[in-house]
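**Student:** Following the working numbering, the numbering of the sequence shown begins with 123 at its first residue and continues without gaps. Every residue, glycine too, gets a C-beta built ideally from N, C-alpha and C. These numbers come from a predicted model, not from an experiment. I have a structure here, written as structure tokens, and I will follow up with some questions on it.
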Amino acid sequence: MAQKQYVLSKLMASVATAVMAKPMMKTVAKGFGTVSETQKIALDAGSAKHEEQFFTGAPDWEKLDDLPHPEMSAGAKKLLDDNGEKLMELIDDWEIRNSDQQDLTEEAWQFLKDNKFFGLVIPEEYEGLGLSAYDHAEIVARIGTFTLPGALTVMVPNSLGPGELLAHYGTQ
Numbered sequence: 123m124a125q126k127q128y129v130l131s132k133l134m135a136s137v138a139t140a141v142m143a144k145p146m147m148k149t150v151a152k153g154f155g156t157v158s159e160t161q162k163i164a165l166d167a168g169s170a171k172h173e174e175q176f177f178t179g180a181p182d183w184e185k186l187d188d189l190p191h192p193e194m195s196a197g198a199k200k201l202l203d204d205n206g207e208k209l210m211e212l213i214d215d216w217e218i219r220n221s222d223q224q225d226l227t228e229e230a231w232q233f234l235k236d237n238k239f240f241g242l243v244i245p246e247e248y249e250g251l252g253l254s255a256y257d258h259a260e261i262v263a264r265i266g267t268f269t270l271p272g273a274l275t276v277m278v279p280n281s282l283g284p285g286e287l288l289a290h291y292g293t294q
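The structure is reproduced here in structure tokens:
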């Protein structure tokens, strides 16, 4: 009896797939249209190399440990070595949070501008620092260890600013 129920349930599943699911998928697929060339490039750019290991539930830790570890560039290290201490002196979280303005001081803003903290990822030919996304992340993380408002002030223009878009796509 159990075997008959099993066979019957498999048969019903096959019929449901053939009669309902496949036609439904064709209809849904038509609504999505075709994948553009730009979308194809984006889809093909990635892979599931080491990320795949985490989703298996049993990552090979030795293999993961053998992956290259990124390091900050000399330019990023120099930026923090030359300016980190001064930046800490200029930005006082307590003062920012408890002042009426709740903003960095004019001196802090000018220091960030003068030392190109708003052009971390902009190429050097456009007067930026030409640092990598990893450098940007590390700089923001390190600034964030002593001032969250300072880290956000540096992060946002480098992450969401128009400078990188202009560098990649130009003005025409």
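Along the chain, where does the alpha helix (DSSP H) that runs through Pro245 open and close?
**Tutor:** Walking along the sequence shown from the start, residue 245 turns up at place 123. No alpha helix (DSSP H) contains Pro245, which DSSP labels as neither H nor E.
**Student:** Mind the definition here: the region 216-227 touches the region 247-267 only if three or more C-beta pairs lie below 8 Å; say whether that holds.
**Tutor:** The region 216-227 vs the region 247-267: no contact.
**Student:** Quick one: using the 10 Å Cβ neighbour count with 16 as the cut-off for buried, is Thr275 buried or exposed?
**Tutor:** In the sequence shown, the residue the question calls residue 275 occupies position 153. Thr275 is buried by the Cβ-count criterion.
**Student:** Just list the alpha helix (DSSP H) runs in the region 198-268, keeping only unbroken ones of 4 residues or longer that don't cross its boundaries, in chain order.
**Tutor:** Whole alpha helix (DSSP H) segments, 4+ residues: 215-220, 228-236 and 255-266.
**Student:** With a cut-off of 8 Å on the beta carbons, I'd call Thr240 and Leu209 a contact; round off their distance for me.
**Tutor:** Translated into positions along the sequence shown, residue 240 becomes position 118. Translated into positions along the sequence shown, residue 209 becomes position 87. Correcting the residue identity first, residue 240 is Phe in this sequence and not Thr. Contact doesn't hold; Cβ gap of about 13 Å is too wide.
**Student:** Whole angstroms are fine: how far does the CA of Ala143 sit from the CA of Ala198?
**Tutor:** Mapped onto the sequence shown, residue 198 falls at position 76. Mapped onto the sequence shown, residue 143 falls at position 21. Roughly 54 Å separates the two Cα atoms.
**Student:** Here's a check: name, in chain order, each residue in its chain whose Cβ is nearer than 8 Å to the Cβ of Glu229, leaving out the five neighbours to either side.
**Tutor:** Taking the sequence shown and counting its residues from 1, the one referred to as residue 229 is at position 107. Once the five neighbours on either side are set aside, the close Cβ partners of Glu229 are Leu212.
**Student:** Looking only at C-alpha atoms, which of Lys162, Leu287, Trp231 and Gln223 sits nearest to Val243?
**Tutor:** For the purposes of this step, residue 243 is identified with residue 121 of the sequence shown, where counting begins at 1. Per the Cα distances, Leu287.
**Student:** Report the three-state DSSP secondary structure of Glu174 (helix, strand or coil).
**Tutor:** Here residue 174 is taken as the residue at index 52 of the sequence shown, counted from 1. The answer is helix: DSSP assigns Glu174 an H, G or I state.
**Student:** Need the endpoints of the alpha helix (DSSP H) that Pro271 sits in, please.
**Tutor:** Locating residue 271 in the sequence shown gives position 149, where the first residue counts as 1. Its alpha helix (DSSP H) spans residues Leu270 to Leu282.
**Student:** Around the Cβ of Thr178, are there at least 16 other Cβ atoms within 10 angstroms (buried) or fewer (exposed)?
**Tutor:** Residue mapping note: residue 178 aligns to position 56 of the sequence shown, counting from 1. Exposed, since its Cβ has fewer than 16 Cβ neighbours within 10 Å.
**Student:** In this structure, does DSSP put Ser136 in helix, strand or coil?
**Tutor:** Here residue 136 is taken as the residue at index 14 of the sequence shown, counted from 1. In the structure shown, Ser136 sits in a helix (DSSP, three-state: H, G or I).
**Student:** I think Met194 touches Glu260, with their Cβ atoms under 8 Å apart; what is that distance to the nearest whole Å?
**Tutor:** Position 72 of the sequence shown, counted from the start, is the residue given in the question as residue 194. Position 138 of the sequence shown, counted from the start, is the residue given in the question as residue 260. About 5 Å separates the two Cβ atoms, so the contact holds.
**Student:** Ignore the nearest five residues each way along the sequence and tell me which others in Asn205's own chain have a CB closer than 6 Å to its CB.
**Tutor:** Taking the first residue of the sequence shown as position 1, residue 205 is located at position 83. Answer for Asn205: Asn237, listed in chain order.
**Student:** The alpha helix (DSSP H) with Thr160 in it runs from where to where?
**Tutor:** The residue given as residue 160 occupies position 38 in the sequence shown. From DSSP, the alpha helix (DSSP H) with Thr160 extends over Glu159 to Ala167.
**Student:** Looking at the secondary structure, which residues open and close the alpha helix (DSSP H) in which Met146 lies?
**Tutor:** One-based indexing of the sequence shown puts residue 146 at position 24. Here the alpha helix (DSSP H) through Met146 covers Lys144 to Phe154.
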